[in-house]
Amino acid sequence: MPELPEVETIKRELEPLLVGRKFAAVSVCDTKIVSPLTVEGFQAELVGQGIEYLRRRGKYLFLHLSSGKCLMVHLRMSGALLFDPPQPQSHVRLIFFLDNGSKLVLVDRRRLGVVSILDSEKPVENRLGPEPLEPDFTTTEFSRRLQGRKAPVKAVLLDQKVVAGIGNMYADEALFKARIHPLRPAGDLSPQEIQRLFSAIRSTLRSAIENKGASVDTYQRPGGEPGTAHFNFKVAHCGGEPCPKCGTPIQRLLIRNRGSYFCPTCQKD
DNA sequence: CATTGTCCCTGGAAGC
DNA sequence: TGCTTCCAGGGACAAT
Numbered sequence: 282m283p284e285l286p287e288v289e290t291i292k293r294e295l296e297p298l299l300v301g302r303k304f305a306a307v308s309v310c311d312t313k314i315v316s317p318l319t320v321e322g323f324q325a326e327l328v329g330q331g332i333e334y335l336r337r338r339g340k341y342l343f344l345h346l347s348s349g350k351c352l353m354v355h356l357r358m359s360g361a362l363l364f365d366p367p368q369p370q371s372h373v374r375l376i377f378f379l380d381n382g383s384k385l386v387l388v389d390r391r392r393l394g395v396v397s398i399l400d401s402e403k404p405v406e407n408r409l410g411p412e413p414l415e416p417d418f419t420t421t422e423f424s425r426r427l428q429g430r431k432a433p434v435k436a437v438l439l440d441q442k443v444v445a446g447i448g449n450m451y452a453d454e455a456l457f458k459a460r461i462h463p464l465r466p467a468g469d470l471s472p473q474e475i476q477r478l479f480s481a482i483r484s485t486l487r488s489a490i491e492n493k494g495a496s497v498d499t500y501q502r503p504g505g506e507p508g509t510a511h512f513n514f515k516v517a518h519c520g521g522e523p524c525p526k527c528g529t530p531i532q533r534l535l536i537r538n539r540g541s542y543f544c545p546t547c548q549k550d
């Protein structure tokens, strides 16, 4: 499930392969993914367009086109962008043919992924909070965004308007590292806890990027390789296993219908 | 505005 | 063995 580190990895690895290329043709294998555009409308926006640069914002990926518009891609749960896959793939939704004979294939087993053509990043930007690894994300800013919120801190971390790019796995990992129980009301955290969580979010995401993302489900990099970040997971998807710090079995509970993993000893209520 | 619940979607696992 | 049911979860959206 691509979260910030996975999308960042995909962006970095696709960048040298795509920038400077042109779209020669586009095959739409699943018309739902380009909705509300028609197949013809989607193709008309892309064919002949050059790819000038790539940008990631939260879990969104943008390919900026020579027309000034951009192709927005959100992979959601099961999407992947594969560059020149050697084997025929199942669940192919879109094929982008480039002017050098290469192709970029969007596969998405569960069909939750979203693709659209936008005039700018603005509509997405307006829905997102700060980038957790950029300088404008500070403890003061983070603290201000948690202020007064009564919802569980785990739920608030998943709110993309608070911080962009954190998903279920990295929220659990950051809370464990900061030793904070996922059900604590976000607005009740002490300044020390906010500082710990702030640092934990950043170090968890940075380390995951260094490890090229976590291949827990269907995530694969554009060349088909897995990431290795999941080998460092302490709690995420580790229900029943002993906590690496104290040996207590990792517990799982549902918060807003999201499976949440934590150590009941290290993360006190 | 903050918060909560529902829906989308499908392959694999679990249950009968 | 074969069928049905449940589950994973990001984010848009509606309701309160």
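Residue numbers for the first sequence follow my numbering, beginning at 282 and rising by one. Beta carbons: idealized from backbone N, C-alpha and C, even for Gly. Keep in mind it's a predicted model, so treat the numbers as computed, not measured.
Residue(s) in a DSSP beta bridge with residue i
{"i": "F377", "result": "V307, L385"}
{"i": "F364", "result": "L385"}
{"i": "F343", "result": "R336, M353"}
{"i": "P433", "result": "P466"}
{"i": "P523", "result": "P530"}
Spatial distance of residue i from residue j (CA atoms)
{"i": "G504", "j": "G468", "result": "42 Å"}
{"i": "R260", "j": "L327", "result": "Beyond the ends of the chain as shown, which are 282 and 550, falls residue 260; an answer cannot be given."}
{"i": "Q532", "j": "T485", "result": "20 Å"}
{"i": "E474", "j": "F423", "result": "12 Å"}
{"i": "S541", "j": "A455", "result": "12 Å"}
{"i": "G410", "j": "R539", "result": "21 Å"}
{"i": "P369", "j": "K431", "result": "49 Å"}
{"i": "E287", "j": "L478", "result": "21 Å"}
{"i": "G528", "j": "F512", "result": "18 Å"}
{"i": "S480", "j": "L438", "result": "14 Å"}
{"i": "R302", "j": "G349", "result": "15 Å"}
{"i": "P228", "j": "A510", "result": "What the structure shows of the chain is the stretch from 282 to 550, and residue 228 is not part of that stretch, so it cannot be assessed."}
{"i": "K549", "j": "F418", "result": "27 Å"}
Residue span of the beta strand (DSSP E) that contains residue i, given as start and end
{"i": "S541", "result": "539 to 543"}
{"i": "Y334", "result": "332 to 338"}
{"i": "V354", "result": "351 to 355"}
{"i": "Q532", "result": "532 to 536"}
Bounding residues of the alpha helix (DSSP H) (the contiguous stretch that carries residue i)
{"i": "I398", "result": "Not the alpha helix (DSSP H): I398 falls in the beta strand (DSSP E), residues 395 to 399."}
{"i": "D453", "result": "449 to 458"}
{"i": "G322", "result": "320 to 327"}
{"i": "I475", "result": "472 to 491"}
{"i": "F423", "result": "420 to 427"}
{"i": "R293", "result": "285 to 299"}
{"i": "S404", "result": "According to the sequence displayed, residue 404 carries Pro and not Ser. Note, P404: alpha helix (DSSP H), 403 to 406."}
Exposure of residue i, with buried meaning 16 or more beta-carbon neighbours within 10 Å
{"i": "E415", "result": "exposed"}
{"i": "G494", "result": "buried"}
{"i": "S496", "result": "buried"}
{"i": "K458", "result": "buried"}
{"i": "D453", "result": "buried"}
{"i": "N407", "result": "exposed"}
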